[in-house]
Amino acid sequence: MLHSGNKGKHRRPSKAVRLAAVAGLAGSAVAVPLMTAGSASAASVDTWEKVAQCESGGDWSINTGNGYFGGLQFSRSSWAAAGGTQYAPRADQATKEQQIATAEKLLDQQGPGAWACAGAGGLTADGPAAGVDTGSSQAGRDAQDRADRGTRQAEPKKAPSEAVKPEAVKKGDGEYEVEPGDTLGTIAEAEGVKGGWKKLQKLNKDVVDDADVIYPGQRLHLS
302 MLHSGNKGKH RRPSKAVRLA AVAGLAGSAV AVPLMTAGSA SAASVDTWEK
352 VAQCESGGDW SINTGNGYFG GLQFSRSSWA AAGGTQYAPR ADQATKEQQI
402 ATAEKLLDQQ GPGAWACAGA GGLTADGPAA GVDTGSSQAG RDAQDRADRG
452 TRQAEPKKAP SEAVKPEAVK KGDGEYEVEP GDTLGTIAEA EGVKGGWKKL
502 QKLNKDVVDD ADVIYPGQRL HLS
């Protein structure tokens, strides 16, 4: 899993940094660098798949809302630092191949210690290059479509404007008045309703028959 930060740093110092620290303390030990000058770090597709299996269960389009995205669990800052935004705003919206290509750049920058699952996946800095095709593909467009559909399905629809409001709408007598553009999700987040939009619907089941349909002017209970 990848940590956010100003430099896109992952969750812990790389192995190279740790070895250097040990060498400094011992006074005589010599740390062998993980990368040789002039050569880029790389790993095979099989290795990256093993790392992804440990990081995300091998789900290359995963977005659980924990701040880390895609098969290799990039944070937004790490994704950007390694150039991933040339493919998609977040890792889960990019193809598997694009995520691997970006991971190779991050591996070259930070070493295998950037991933908590490096050991489980057998990730080192001197493997064969993955050589993946990152070109714009149908797979990439499909991944973006899935991400967009997931966003639309994850939250109830916005409140319709007054122009489309039916004549007979249950008003309710709660403390919050629905405004145009509101959804149960945005209201729950803004008002700190524990349990989110589902709890909000339950509290107002006598007013809100369908979580996807609320109307401006309705008054909802928040607790």
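Quick note, in this note's numbering, the sequence shown goes up one by one and the last residue is 524. From the three backbone atoms N, C-alpha and C, an ideal C-beta is built for every residue, glycine too. The structure presented is a predicted model; accordingly, all values stated were derived computationally and were not measured.
Gly422 sits away from Thr487, with the two beta carbons spaced by 8 Å or more. Tyr477 sits close to Leu523, with the two beta carbons spaced by under 8 Å. Relative to the Cα of Ser376, the nearest Cα in the group Val514, Asp393, Pro517 and Gly420 belongs to Asp393. In the three-state reduction of the DSSP assignment, Asp347 falls in the helix class, which pools H, G and I.
Residue range Lys397 to Gln411 is occupied by the alpha helix (DSSP H) that includes Asp409. Taking a cut-off of 8 Å for Cβ pairs, the stretch 407–422 and the stretch 380–389 touch, as three or more such pairs fall below it. A straight line joining the alpha-carbon of Asp434 with that of Cys418 spans about 24 Å. Distance between Asn367 and Gln374, taken at the CA atoms: about 10 Å. Burial is judged here by how many other beta carbons sit within 10 angstroms of a residue's own beta carbon; Ala426 has at least 16 and is buried. Under DSSP, the beta-bridge partners assigned to Asp427 are Ala343.
For Gly428, the closest alpha carbon among the candidates Pro517, Ala512, Arg520 and Ser345 is that of Ser345. Looking at the backbone, the Cα of Gly414 and that of Trp361 are separated by about 21 Å. Looking from the CA of Asp513, the closest CA among Leu504, Ser378, Asp507 and Trp498 belongs to Trp498. Inclusion of Gln502 and Val470 in the CB contact set at 8 Å is not warranted, their separation being larger than that value. In the same chain as Ala489, and ignoring 5 residues on each side of it, the C-beta atoms closer than 6 Å to its own belong to Gly497, Trp498 and Leu501, in chain order. In this structure, the straight-line span from the alpha carbon of Val494 to that of Leu504 is close to 10 Å.
Comparing alpha carbon positions, the residue from Trp416, Gly420, Gly436 and Phe370 closest to Ala402 is Gly436. Fully contained in the stretch 352–402 are the following alpha helix (DSSP H) runs of length 4 or more, in chain order: 377–382. In this model, Asp474 and Gly482 are separated by some 20 Å (Cα to Cα).
Annotation for Leu485: the continuous alpha helix (DSSP H) segment containing it runs Leu485 to Glu492. Counting only residues of its own chain and dropping the five nearest sequence neighbours on each side, Gln400 has a CB closer than 7 Å to the CB of Trp361, Gly371, Gly372, Leu373 and Ala392.
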